[in-house]
Amino acid sequence: MRILLGIIAALVVAVGLLAWRLEAASGRADLAEVRATAAEGMLRDQVQQNQALAQSFQGLDAALQGQAAQMAKNNRDLAARLRDLANVTKTEGDSNETMACLHLPVPRQSADRMR
19 MRILLGIIAA LVVAVGLLAW RLEAASGRAD LAEVRATAAE GMLRDQVQQN
69 QALAQSFQGL DAALQGQAAQ MAKNNRDLAA RLRDLANVTK TEGDSNETMA
119 CLHLPVPRQS ADRMR
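When we follow our numbering, the leftmost residue of the sequence shown carries the number 19, and every step to the right adds one.
This is the structure we're talking about:
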């Protein structure tokens, strides 16, 4: 009988220790779950921020491509105008003096008034 009581007491102590360890493990698991939930929320926020940045970069890329296309068009237009200016020939009604003035710089005040 004493042996049986000793075995039962040992089992009660073992079950108590097991329950205590299980409770501690449960607390650690709850803490890990809270941390995982917080990390998941932060990850979701980061994904949303990355998507917003990606959209901003796409908009910026589109704007820069539009500006590059406009700049290329302006450069072609400028080159054509410079070619036309370089190929100015004397026509009816032009005097030698007007042709001689073609390569002279235009004063700033006059250039501003012409715009």
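We treat Cβ as the ideally placed atom computed from N, Cα and C, and that holds for glycine.
The alpha helix (DSSP H) enclosing residue i, as first and last residue numbers
i	result
residue 71	20-104
residue 116	114-118
Proximal residues to residue i (C-beta, below 6 Å), its chain only, five neighbours per side dropped
i	result
residue 33	none
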